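Protein chains in written order, with this note's numbering: chain P, 755 to 888; chain D, 5 to 34.
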């Protein structure tokens, strides 16, 4: 549910990201056979990659563990997502792995990195867009 | 290394080689 909310939220900003000369790409940690269906429902028209070995998550030191899911903040995030109409589907990937957002490039230059502290801790897309180099 | 939705392998560094990318790492597809 929370990953659905985040995908839909950033997809709303896809035109703004493109207007600044950047691409928007999603990565999930489920298998690639699930990526297409997820994309069509929650990130239509966007590129959704799969990283089931979680190499990118490890390299970027994204947070993980049961406490990142079972905590009061995530309960509040869940209520927020539910109020927007998002419902929980089957976990297709590693539920205890958190994600984040980065702005990279051109070249190996990191402009922005946000690591989610807990499930549902998502950065404001405007922060990421502001970090895109002009 | 990640894979595209059609199973094609993608080197992440290629995503930002030529232009910036906003990369959103989701939790899972649930």
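Where is the CB? At the ideal position from N, CA and C, for every residue including glycine. Small disclaimer: the values here were computed from a predicted structure and weren't measured.
Cβ neighbours of residue i in the same chain (closer than 8 Å, five flanking residues each side left out)
i: residue 747 of chain P; result: Chain P is shown from 755 up to 888; residue 747 of chain P falls before or after that span and cannot be answered.
i: residue 814 of chain P; result: 854, 856, 867, 869
i: residue 818 of chain P; result: 811, 848, 850, 851, 852
i: residue 823 of chain P; result: 849, 850, 872, 873
Residue from the options with nearest C-alpha to residue i
i: residue 862 of chain P; options: D/19, D/10, D/30, D/7; result: D/19
i: residue 1 of chain D; options: P/859, P/867, P/878; result: Because chain D spans 5 through 34 in this model, residue 1 of chain D falls outside it and cannot be assessed.
i: residue 31 of chain D; options: P/886, P/879, P/759; result: P/759
i: residue 881 of chain P; options: P/755, P/770, P/762, P/757; result: P/770
i: residue 883 of chain P; options: P/757, P/774, P/763; result: P/774
i: residue 33 of chain D; options: P/871, P/772, P/776, P/762; result: P/762
i: residue 829 of chain P; options: P/816, P/874, P/795; result: P/874
i: residue 767 of chain P; options: P/878, P/888, P/887; result: P/878
i: residue 795 of chain P; options: P/865, P/785, P/757, P/816; result: P/757
i: residue 834 of chain P; options: P/876, P/821, P/865, P/845; result: P/876
Sequence-distant residues of the same chain with beta carbon closer than 6 Å to residue i, five excluded per side
i: residue 765 of chain P; result: 797, 800
i: residue 8 of chain D; result: 14
i: residue 825 of chain P; result: 872
i: residue 787 of chain P; result: none
Where residue i meets chain P, residues with beta-carbon distance less than 9 Å
i: residue 15 of chain D; result: Residues of chain P passing the Cβ test: none, with the nearest at roughly 11 Å.
i: residue 8 of chain D; result: 786, 789, 801, 802, 803, 804
Close Cβ partners of residue i (< 7 Å) along its chain, the five nearest in sequence each way excluded
i: residue 808 of chain P; result: 783, 848, 851
i: residue 6 of chain D; result: 14, 16
i: residue 802 of chain P; result: 780, 782, 789, 792, 793
Per-residue contacts from residue i into chain D (C-beta, under 9 Å)
i: residue 846 of chain P; result: 32, 33, 34
i: residue 841 of chain P; result: Result: empty, since nearest Cβ-Cβ is about 10 Å, beyond 9 Å.
One or two residues paired with residue i in a DSSP bridge
i: residue 14 of chain D; result: D/6
i: residue 866 of chain P; result: P/857
i: residue 837 of chain P; result: In DSSP, residue 837 of chain P forms no bridge with anything.
i: residue 782 of chain P; result: P/804
i: residue 851 of chain P; result: P/818
i: residue 888 of chain P; result: Bridge partners of residue 888 of chain P: none, in fact.
i: residue 27 of chain D; result: P/779, P/856
Chain D contact residues for residue i, given Cβ-Cβ distances below 7 Å
i: residue 793 of chain P; result: 9
i: residue 780 of chain P; result: 28, 30
i: residue 809 of chain P; result: 5
Listed by chain order, chain D residues near residue i by CB distance under 8 Å
i: residue 860 of chain P; result: 20, 21, 22, 23, 24
i: residue 771 of chain P; result: 26
Within-7 Å CB hit, residue i to chain B
i: residue 819 of chain P; result: Any reference to chain B falls outside this structure, whose protein chains are P and D.
Note to self: Contact between the region 6-18 of chain D and the region 837-851 of chain P is defined here as three or more beta-carbon pairs at a separation below 8 Å; is this criterion met?
What the structure shows: no
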